[in-house]
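One structure below.
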Amino acid sequence: MNEKNRNEKSHEAQQLAVIYMADNPGASRGEVAKMSGLSEVTVWSLQERAAAMRTNRLISMFPRPSRATA
């Protein structure tokens, strides 16, 4: 496998891991690592991104009222 393919597969695995962790906040690093094929260290480094994704989803679900309508 050439370097470009490996990088693309790693990027896809990272994206899937972030989405999985955002959807399942109680998932362990080991579980996510096994599911995605990434190392636990990589999964650990992606946890902050998953938390940010969860936060952004919540913010979009409950937008602030605009000043014009308040």
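Residue numbers (numbering that gives the first Met the number 0): 0 to 69. Beta carbons: idealized from backbone N, C-alpha and C, even for Gly. All of these numbers come straight from a predicted model, not from anything done at the bench.
Taken through DSSP and simplified to helix, strand or coil, Gly36 comes out as coil. Contact between Met52 and Ala21 holds, since their C-beta atoms are separated by about 4 Å, short of 8 Å. Around Arg48, the same chain offers Val17 as residues with beta carbons nearer than 6 Å, after the five sequence neighbours per side are excluded. Here DSSP, grouped into helix, strand and coil, assigns Gly25 to coil.
Ranked by Cα distance from Leu37, the first of Gln14, Ala50 and Pro24 is Gln14.
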